[in-house]
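J.: Count along the sequence shown starting at 1, add 743, and that's the number in this note's numbering. Don't be surprised by glycine CBs; every beta carbon is placed ideally from N, CA and C.
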Amino acid sequence: MIERLDALEPGQAIVVGGDRVVRVGPELAAAFAPGDRLLVVDTTGDLLHVPHADALVAGDAVADAVAAFEALRAVDDAAVTAFFEAFAAGLADDAVFAPIAAANATDVADARVRGRSTTRLVLDAKMRAGMVAGLRVWRDLPSTRGRVLETVEHAGWRVEQSTAGLGVVGFVFEGRPNVFADACGVLRGGNTVVFRIGSDALGTARAIVTHALEPALRAAGVPVGAVRLVDSASRASGWALFSDRRLALAVARGSGDAVAQLGAVARQAGVPVSLHGTGGAWLVAGAAADPARFAAAVRHSLDRKVCNTLNVCCVPAARAAELVPQFCAALEHAAAARGAAPKLHVGPGAASHLPAGWLGVTGTVRRADGEHREARAEPIEEAELGREWEWEDSPEVTLVVTADTDAAITLCNRYSPRLVACVVTEDPAEEERFVQAVDTPFVGNGFTRWVDGQFALGRPELGLSNWETGRLLARSAVLSGDSVFTVRTRARQVDPDLHR
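Shown next as structure tokens:
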């Protein structure tokens, strides 16, 4: 007999994964109230407390999106096109954008007071223009609803396979206002979306919804529930959202641990996931690397900190005397462009090749919580090569000197998040060997920052997926709005006497 959980006791045993037990702590027991929910993560034993209010706000948003998904079937493609244009026009209108900019300025100021990173939070002119451009990409793309993928002809009948809307997409992402435009792309395929943004950007999100998003939905005749914000600063609302079995897909992007936890919550609820967690790109200088091209790749891969920013660079020992100084100069150039000093982590084999002025020298490193006096270069063990450096203004990267390109590939496959790996070489055979051997969904022969749905494919992305937990079944590691669909199979019978 199933009974409702109304209270927890300190020390109470909770079964995890069928064969393990975790104990309820006193703080959790004191906080838990009737109507609350307890989610147990089988992989880690985490006990996640979801207060009733957070479950309610997430559940109401999903309910609205479910209703909107049904209603969207009767909404023609012209209305969806009109929505994208109205949303873009609103963001481009200075009068409409003014309260959004004010809300963002407040969010940024609050984040800085709390020592939080603002590199992704500032809704500046470049981000605003990118949002407008992204929405107009969706405006101009044809609808994917009902697109015929394949036709099989038979005597007296044929079978068609075509796309159809998948359903409600749940979306949790860090404090990046521009992701609004990315998330809305799922409407082009007949889907609806519910999203939760990081608490740092919640004020900005509310302003976008009030002043640009909902007016655009209403003006176009698209159900307002088609795009819903979970209006809560609590992480528990994200857990509640991802545990909702009415979701057709759960998409998460942000820090590795938080994304992994969200993904586990969704999987346990039976919801398919697309996860974008640990980032950090790897760049390998080949035996036939051109020094100038290599330096340019380093410099252009460190312009700002996002998931595809250079995190680990490998140089072959035979070229280290020539290429390590080029690397250091490029790192200094990237830092100078941001008005900051660089931070170098010296991996195996690299220390003896560093130019003078790197080892034993301190400098001022600008982080989210202010300036710090730190060693300019610090040693790092091989086991730490998987660590992603989260930096604010001072570019931070690891340098490793390896025996050869094959050794660099081995390190990348062992320690990287298996997201982005690029090689710089003038030898086509070496480049091809690298592409075939390295285990990442994104490979290139230059700078790492090319990995972006809008920049590379002309489509705003919902997220990028790495291969850290395995390759993806029949889909790209770029998830965009028009790649969220299911496939329907339809029979068209001409011969009335057709039978088995």
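Of the residues Ser1159, Ile1123, Cys1155, Glu1075, which one's Cα is nearest the Cα of Ser1137?
T.: Taking only the C-alpha atoms, the option nearest Ser1137 is Glu1075.
J.: Give me whichever residues DSSP pairs with Ser1017 in a beta bridge.
T.: Val994
J.: Are the region 769-776 and the region 934-950 touching by the rule of at least three beta carbon pairs closer than 8 Å?
T.: no
J.: If you check the beta carbons only, do Ala1094 and Pro1122 fall under 8 Å apart?
T.: yes
J.: Rounded to a whole number of angstroms, what is the C-alpha to C-alpha distance between Pro1059 and Ala983?
T.: The C-alpha of Pro1059 lies about 48 Å from the C-alpha of Ala983.
J.: Excluding five sequence neighbours on each side, which residues of the same chain lie with their C-beta closer than 6 Å to the C-beta of Leu878?
T.: Phe827, Phe830, Ala831, Ala924
J.: Thinking just about the alpha-carbon of each residue, which of Asp1225, Phe1185, Arg1231 is nearest to the one in Leu1215?
T.: Phe1185
J.: Please state whether DSSP places Phe812 in a helix, a strand or coil.
T.: helix
J.: How would you label Trp900, buried or exposed, when you count the other beta carbons within 10 angstroms and need 16 or more for buried?
T.: Burial call: exposed.
J.: Distance, Cα to Cα, Gly1206 vs Val1104?
T.: Roughly 39 Å separates the two Cα atoms.
J.: Kindly indicate the opening and closing residues of the alpha helix (DSSP H) around Cys1071.
T.: 1063-1080
J.: Looking at C-alpha atoms only, which residue of Leu990, Val902, Gly1006 is the closest neighbour of Gly997?
T.: Gly1006
J.: Check the DSSP bridge columns for Lys1086 and list the partner residues they point to.
T.: Answer by DSSP bridge pairing, in chain order: Glu1139.
J.: With DSSP collapsed to three states, give me the class of Pro1160.
T.: DSSP places Pro1160 outside both helix and strand once states are collapsed to three, so it counts as coil.
J.: With 16 as the cutoff for other CB atoms within 10 Å, does Leu1045 come out buried or exposed?
T.: With 16 or more Cβ atoms within 10 Å of its Cβ, Leu1045 is classed as buried.
J.: Of the residues Leu945, Glu1127, Ser977, Asp1195, which one's Cα is nearest the Cα of Cys1050?
T.: Asp1195
J.: Only counting the same chain, and skipping five residues up and downstream in sequence, which positions put a Cβ closer than 8 Å to that of Trp1193?
T.: Asn1051, Gly1187, Ala1199
J.: Note the first and the last residue of the continuous beta strand (DSSP E) segment covering Gln904.
T.: Counting along the chain, the beta strand (DSSP E) containing Gln904 begins and ends at 900-907.
J.: Taking the Cβ atom as the reference point for each residue, do Ala1164 and Trp1025 lie within a distance shorter than 8 Å?
T.: yes
J.: Between the C-alpha atoms of Ala756 and Val915, what's the straight-line distance to the nearest angstrom?
T.: 30 Å
J.: Keeping to the same chain, check which residues put their C-beta closer than 7 Å to that of Val793; ignore five residues upstream and five downstream.
T.: Asp779, Arg780, Leu782, Ala979, Trp982, Ala983
J.: Kindly identify the DSSP beta-bridge partner or partners of Ser1226.
T.: According to DSSP, Ser1226 bridges with nothing at all.
J.: Kindly provide the ranges of any alpha helix (DSSP H) runs that are 4 or more residues long and lie completely inside the region 945-997, ordered along the chain.
T.: 945-951, 957-963, 978-985
J.: By how many angstroms is the C-alpha of Ser1223 removed from the C-alpha of Ala852?
T.: 32 Å
J.: What do you get for Arg857, buried or exposed, if any count of 16 or more other CB atoms within 10 angstroms of its CB means buried?
T.: exposed
J.: Count the other CB atoms, across all protein chains shown, that sit within 10 Å of the CB of Val956; report buried if there are 16 or more and exposed otherwise.
T.: The displayed chain sequence assigns Leu, not Val, to residue 956. It is buried - the Cβ of Leu956 has at least 16 other Cβ atoms within 10 Å.
J.: Flag this pair as yes or no: are the beta carbons of Phe1037 and Val929 separated by less than 8 Å?
T.: no
J.: I'd like the list of long-range same chain contacts for Pro966, defined as Cβ closer than 6 Å, with 5 residues on each side in sequence excluded.
T.: The residues Ala811, Ala814, in chain order, have a CB closer than 6 Å to that of Pro966 in the same chain once the five nearest residues on each side in sequence are set aside.
J.: Which ranges would you report for the alpha helix (DSSP H) in the region 820-887 if only whole runs of at least 4 residues count?
T.: 820-835, 837-856, 868-883
J.: Which residues share a DSSP beta bridge with Ile940?
T.: Note: Ile940 sits in a beta bridge opposite Phe916.
J.: For Phe1185, report the span of its beta strand (DSSP E) as first-last.
T.: Per DSSP, the unbroken beta strand (DSSP E) holding Phe1185 starts and ends at 1185-1187.
J.: Decide yes or no for the touch test of the region 1007-1021 against the region 1109-1128: beta carbon pairs closer than 8 Å, at least 3 of them.
T.: No, because fewer than three Cβ pairs between the region 1007-1021 and the region 1109-1128 fall closer than 8 Å, the two stretches do not touch.
J.: Smallest Cα separation from Ala1150: which of Glu1139, Ala1172, Val1140, Val1181?
T.: Val1181
J.: Tell me Ala1024's beta-bridge partners as DSSP assigns them.
T.: Leu1053
J.: Taking DSSP's pairing of strands, which residues face Cys1165 in a bridge?
T.: Under DSSP, Cys1165 takes part in a beta bridge, and its partners are Leu1026, Gly1187.
J.: Which residues share a DSSP beta bridge with Ala1118?
T.: Thr1105
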